[in-house]
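J.: Protein chains in written order, with UniProt numbering: chain Z, 1 to 388; chain Y, 1 to 388. A virtual CB, placed ideally from N, CA and C, is assigned to each residue, including glycine. Structure incoming, see below.
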């Protein structure tokens, strides 16, 4: 059994990624008294560079305080190691005498673990523990981090909808989500009557068209006297290109080191403002980019999410004892359960919203989509219906 | 004594403006059994148009649910009545046999009440009850609505700061605030150690210069390895013009019916992105407009704010019995107290951040500024210090 653990956190932080880290540390201590537990700073980069914090003896009280704090306490990284980088990471792990490496992250992180496991050839256990606000990991019913982010988005849109009942107009909120629309869809979770917004929801799973968008907004204004729109930063046009690419001058498009287009900055918001100005001149319209607000917000940590994330960490230690794999948060029809699945089944794959979660015309959720959201994020506030 | 009350809500909604409305209704019922209490829909517009909801007999349970719900349940308006409009409003009030009109809003709302009181010549009582997330009413220590919005902003910046400890870079969050920087300053309220962001705070009370901003960011990156910036949408350049005016092409500038420049849309965010791209090329930078998120967010309603807002409504009924005036939330050195002040002392005036709340170089808060924030919004979460 493993007695030296290395733990790291990768990708975009969440509100509960530290729960998973602390869940793993405390479970490893319990199962393996005297275990040596190292936290690598900034993901695989810390392993490559030998930059660790020794978690073996950090007081439990301190760890629990960290567990309740959003974002990655060990730091994170966007590095996607190639073969040469993986060799360095493997050498780093061996140098520490690691028996298991638990890496908390999304599908890229699972991919890194798959490569490392192959290269290590069974000499140590590689475990991927899930986290992502995007909720886009296959094999998972939902992912730790999603519910907290979803509740932020649900509360924000409920609040903005109330605001626009008082002072009518058009509101567009741009929500993180490159390929999967789950977090944007969460805007609808807390609608409380037939009049409630968001009235329109656009996700990357459906082609976006500006003329259709303007028609949709116009029809909504006729019906509701206001129009609340939730849109994913990653919405794409019919030809599969990100909307931002067709709206923004090419010289202003930004890409990261992996060639990923920067999606959600001012450019997309401005493009929406412009489209509304042109398509519905004279209408009061406001566009906000929610940006980083939802992903690790300390005010909206869901206790359910926190508990599941902690459990995922503990389960990762159990999987390490079984040779490794990916922790999957599945649904048994009644409740969420942790299961071990092969790294290869999660690595590099993206889970999209199921087709039947969306209405055919692609601008709203179906009953099935709403049922899924309401199961994960049931209404939290009792709303007094306004008089207008 | 007044037995027919008209109540209305004006200006931008807040998280607790319904507390004030319900506080007034319930107190009027208690002091004046059998009172006729009318809620005007969409502020003075509802009085002008005869559009009311009868609040005399709405069940207390329903009212308390509304009190706990953000935004203006009676609807709001941006109308600033001129003399002719005021005549119509006064006629409308007389038609209802109103003994008192309680109008909940900011300094424009107080201004409307002052004009109406003058025109009515003592025939009925006009009361202004304060609300604004901007915290910019003179005579007030702070205003109902501010603390809830401030806590949203404090939590958002605490969270983003933790995010950027994990994945370093530059973050700029643009916060509502046309003339007063209180809400932007609130970003600093929950800093928990010497390293905490926001590291730079720019408010309308100090002239903003792009080159100095770039220098400030560069110096912060050297010191903290990341840079978190809170900036008011209303920051202005040395010549007193809004920053957005000097950064955005004139044909894209938008103004509302009152000639107020639209400040916080994508344009300003984009301008900051551009400034950072030019001034610090190659640095990871992210700009979010918090926009509507803070102002009536259901997830961050402060119980203190809610209680004070309710009390302000009740006190408005008391003032109505004394001939009218403006409810002021003052500080007696130990606690917040309600006092009545003349409408004229609040109407149309803007309270700015006191000079000594800001450091001389204008990019951060002084100890006095921090003490004020910490008195109103003491730390709410115990943060576990990250390992990076």
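#1: Would the beta-carbon of residue 73 of chain Z fall within 7 Å of that of residue 386 of chain Y?
#2: Since residue 85 of chain Z meets chain Y, which of its residues come closer than 7 Å, beta carbon to beta carbon?
#3: Which chain Z residues are close to residue 82 of chain Y, counting only those with a beta carbon under 9 Å from its beta carbon?
#4: What's the C-alpha gap between residue 388 of chain Y and residue 47 of chain Z?
#5: What three-state label does DSSP hand residue 36 of chain Z in the structure shown?
#6: Are the CB atoms of residue 104 of chain Y and residue 17 of chain Y within a distance shorter than 7 Å?
#7: Checking contacts by CB at 7 Å: is residue 293 of chain Z closer than that to chain Y?
#8: Can a CB atom of chain A be found closer than 7 Å to the CB of residue 146 of chain Y?
#9: In whole angstroms, what is the alpha-carbon distance linking residue 294 of chain Y and residue 24 of chain Z?
#10: Establish whether the CB of residue 303 of chain Y and some CB of chain Z are separated by less than 7 Å.
#11: Could you tell me whether any Cβ in chain Y is nearer than 7 Å to the Cβ of residue 298 of chain Z?
#12: Which residues, in chain order, does the stretch 370-383 of chain Y contribute to contact with chain Z at a C-beta distance below 9 Å?
#13: Excluding the 5 residues flanking residue 52 of chain Z on each side, which residues of the same chain have their C-beta closer than 6 Å to its C-beta?
#14: Please decide whether residue 289 of chain Y counts as near chain Z, where near means a Cβ-Cβ distance under 7 Å.
#15: Would you say residue 163 of chain Z lies against chain Y (beta-carbon separation less than 7 Å)?
#16: Name the chain Z residues that come within less than 9 Å of residue 62 of chain Y, Cβ to Cβ?
#17: Which residues in chain Y have a C-beta closer than 8 Å to the C-beta of residue 109 of chain Z? List them in chain order.
#18: With DSSP as the reference, label residue 328 of chain Z as helix, strand or coil.
#19: Output yes if chain Y places a C-beta closer than 7 Å to the C-beta of residue 1 of chain Z; else output no.
#20: Give the list of continuous beta strand (DSSP E) stretches no shorter than 3 residues that lie fully inside the stretch 317-380 of chain Z.
#21: Taking 7 Å as the CB-CB cut-off, is residue 204 of chain Z touching chain Y?
#22: Please work out which residues of its chain come closer than 6 Å, Cβ to Cβ, to residue 273 of chain Z, disregarding the five sequence neighbours upstream and downstream, and give them in chain order.
#23: Consider the Cβ of residue 143 of chain Y: report whether some Cβ of chain Z lies at a distance smaller than 7 Å.
#24: Would you please verify whether the beta carbon of residue 104 of chain Z is less than 7 Å from any beta carbon of chain Y?
#25: Between residue 203 of chain Y and residue 185 of chain Y, how many whole angstroms is the CB-CB distance? I'm expecting something under 8 Å.
#26: Does any CB atom of chain Z fall closer than 7 Å to the CB of residue 69 of chain Y?
#27: Just to confirm before moving on: does the CB-CB distance between residue 175 of chain Y and residue 200 of chain Y stay below 7 Å?
#28: Give the single residue among Y:123, Y:283, Y:282 and Y:236 whose Cα lies nearest to the Cα of residue 268 of chain Y.
#29: Buried or exposed: residue 62 of chain Z, going by 16 or more other Cβ atoms within 10 Å of its Cβ?
#30: When the distance is taken between beta carbons, is residue 102 of chain Z closer than 7 Å to residue 314 of chain Z?
#31: Give every residue of the same chain whose Cβ lies closer than 7 Å to the Cβ of residue 167 of chain Y, excluding the five residues on either side of it in the sequence, and list them in chain order.
#32: Ignore the nearest five residues each way along the sequence and tell me which others in residue 323 of chain Z's own chain have a CB closer than 6 Å to its CB.
#33: Give every residue of the same chain whose Cβ lies closer than 6 Å to the Cβ of residue 309 of chain Z, excluding the five residues on either side of it in the sequence, and list them in chain order.
#34: Where does residue 17 of chain Y sit, in a helix, a strand or coil, going by DSSP?
#35: Considering only DSSP beta bridges, list what residue 130 of chain Z is partnered with.
#36: Scan the stretch 167-178 of chain Y for residues whose Cβ lies nearer than 9 Å to a Cβ of chain Z and list them as they occur along the chain.
T.: Per the coordinate set shown:
#1: yes
#2: In chain order: nothing, as chain Y lies at least about 18 Å away.
#3: The contacting residues do not exist; residue 82 of chain Y stays about 20 Å from chain Z at best.
#4: Approximately 14 Å, taken between the alpha carbons.
#5: strand
#6: yes
#7: Chain Y contact via Cβ: present.
#8: Protein chains Z and Y are contained in the structure displayed, whereas chain A is not.
#9: Roughly 35 Å between the two C-alpha positions.
#10: no
#11: A Cβ of chain Y is located within less than 7 Å of the beta carbon of residue 298 of chain Z.
#12: 380, 381, 382 and 383
#13: Here the set comprises 38 and 40.
#14: yes
#15: yes
#16: The answer, in chain order, is 384 and 385.
#17: Here the premise fails: no neighbours, minimum Cβ distance about 14 Å.
#18: strand
#19: Residue confidence for residue 1 of chain Z is low, a pLDDT of 47 falling below 50, so the modelled location carries little weight; the figure read from the coordinates is stated next. Residue 1 of chain Z does not count as touching chain Y.
#20: 324-331 and 336-341
#21: no
#22: 287
#23: no
#24: Taking Cβ atoms only, chain Y never reaches closer than 7 Å to residue 104 of chain Z, which makes this a no.
#25: Correct: roughly 6 Å between the Cβ atoms.
#26: yes
#27: no
#28: Y:236
#29: If you draw a 10 Å sphere on the C-beta of residue 62 of chain Z, you find fewer than 16 other C-beta atoms in it, and that means exposed.
#30: no
#31: none
#32: 125
#33: Correct list, in chain order: 16, 19, 20 and 144.
#34: helix
#35: Z:105
#36: 167, 168, 171 and 173
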